[in-house]
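Down below is the structure, laid out as structure tokens.
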Amino acid sequence: MTVFFYLIVALLGLLIGSFLNVCALRLASGMSIVRPPSHCPQCKTRLGPTQLIPLISYLMQKGRCKHCGTSISALYPVGEALTASLFVLMLWQHGLTPELAVALLFVSTLVVAFVADSALGLIPFRFVVPAIALVLGLRVWTDGLDVWQYAAAAVATYAVFFVIDWSRRKMARDDARAAFGGGDVMLFLFIAAALGLSLTLLTLFLASLLGLLFALVGFSLSPQDGRGAVRFAPAILPAAIVSYLWGETLLQWYFATFS
Ligand SMILES: [Zn+2]
Numbered sequence: 001m002t003v004f005f006y007l008i009v010a011l012l013g014l015l016i017g018s019f020l021n022v023c024a025l026r027l028a029s030g031m032s033i034v035r036p037p038s039h040c041p042q043c044k045t046r047l048g049p050t051q052l053i054p055l056i057s058y059l060m061q062k063g064r065c066k067h068c069g070t071s072i073s074a075l076y077p078v079g080e081a082l083t084a085s086l087f088v089l090m091l092w093q094h095g096l097t098p099e100l101a102v103a104l105l106f107v108s109t110l111v112v113a114f115v116a117d118s119a120l121g122l123i124p125f126r127f128v129v130p131a132i133a134l135v136l137g138l139r140v141w142t143d144g145l146d147v148w149q150y151a152a153a154a155v156a157t158y159a160v161f162f163v164i165d166w167s168r169r170k171m172a173r174d175d176a177r178a179a180f181g182g183g184d185v186m187l188f189l190f191i192a193a194a195l196g197l198s199l200t201l202l203t204l205f206l207a208s209l210l211g212l213l214f215a216l217v218g219f220s221l222s223p224q225d226g227r228g229a230v231r232f233a234p235a236i237l238p239a240a241i242v243s244y245l246w247g248e249t250l251l252q253w254y255f256a257t258f259s
């Protein structure tokens, strides 16, 4: 594969990343994706074509609105750069195969969850639920009749969360706010539909470790709000990518070493 082809995919990633940012922020706040057109949330000025170029616009305007000077969330360039780099990583790992379609949908959904959860503490059902249907459709293409394994994995994952939630309510005897919101569970159903059961459990394990690490770092940096809302999606994204690309190897190594 030529460098030129990687560049095309990186550019495509920037454009799609820009669209995913809009999906994440608008769908999670219950807005339409298409209306109104992109505008500054502060002064409502509609953005012109030069202000809609992914990454470049943000750097040129030094992260501020051209009209009113309000600072623009750094999540926009982060979402765009993240999508572009994950697209390139997936092309490198899978080449031009049917699996690449699953991989691109996989990273896109993770980016939407990451951006929406970081900005608003929510993961938009209106993106993740159609993504579950779409990834199962793609699994019919890549795996034929074996798609039942992925569907069963999603059902089993739901059962795992149902039991965790049920026992937590039993023990806490109240609706204590937990790190697992409804959106996190939906995101794990998506991961199960894409990766199957064992890699989903590995993702859950790695994400819990990372989430704990993030919480500890957050708590030591600012002890007063350390008990506030714990965002889980930033930990799910790297955990899911590692499980997807290197999970089989990790599990093989684990069972060879400890059994
Ligand atoms: Zn403005």
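Going by the numbering used here, the sequence shown opens with residue 1, and the numbers climb by one from there.
Ideal placement from N, C-alpha and C gives every residue a C-beta, glycine not left out.
Out of L201, G17, L197, L202, point me to the one whose CA is closest to L86's CA.
In this structure, G17 is the residue among L201, G17, L197, L202 with its C-alpha nearest to the C-alpha of L86.
heavy atom of ligand 1 below 8 Å from G48 C-beta:
G48 Cβ: outside cutoff for every heavy atom of ligand 1.
Rounding to the nearest angstrom, what Cα-Cα distance links A151 and L134 in this structure?
Approximately 12 Å between the Cα atoms of the pair.
Does the separation of the CB atoms of V111 and L25 fall below 9 Å?
Their beta carbons are not under 9 Å apart, which means V111 does not touch L25 by this criterion.
Taking the alpha-carbon of F161 as reference, which of L201, W92, V88, T142 has the nearest alpha-carbon?
Per the Cα distances, L201.
Using only the alpha-carbon positions, how far apart do R231 and S118 sit?
Between R231 and S118, the C-alpha separation is close to 7 Å.
Looking at the strands, I want to know which residues DSSP matches up with S32.
Per DSSP, none; premise fails for S32.
Which partner residues of H94 appear in the DSSP bridge assignment?
Residue pairing of H94 in beta bridges, as defined by DSSP: absent, with no partner found.
Just checking my contact of E80 with L14 at CB under 8 Å: how many whole Å lie between their CB atoms?
That pair is a contact at about 5 Å.
Start and end of the alpha helix (DSSP H) containing Q252?
Under the DSSP assignment, Q252 falls in the alpha helix (DSSP H) whose first and last residues are 233-258.
Residues in the same chain with beta-carbon distance under 7 Å from F214, minus the five sequence neighbours each way, listed in chain order, please.
The beta carbon of F214 is closer than 7 Å to those of P234, A235 in its chain, skipping five residues each way along the sequence.
Tell me whether the segment 49-61 and the segment 141-159 touch, counting them as touching only if at least three CB pairs, one residue from each stretch, are closer than 8 Å.
Counting Cβ pairs under 8 Å, fewer than three are found: no touch.
Less than 8 Å separating the Cβ of T70 from some heavy atom of ligand 1?
The beta carbon of T70 sits closer than 8 Å to at least one heavy atom of ligand 1.
Compare the C-alpha of G247 against each of V185, T203, L122 and name the closest.
The option with the nearest alpha carbon to G247 is T203.
Is the Cβ-Cβ distance between D165 and I123 less than 9 Å?
No, they are not a contact pair.
Please tell me whether A101 and Y244 are closer than 9 Å, where the distance is taken between their beta carbons.
Not a contact, by the Cβ cut-off of 9 Å.
S18 (DSSP reduced to helix, strand or coil)
Three-state DSSP puts S18 in a helix.
Following a CB-centred definition, is T45 positioned closer than 8 Å to any heavy atom of ligand 1?
Using a cutoff of 8 Å, the CB of T45 counts as near ligand 1, since one of the ligand's heavy atoms is closer than that.
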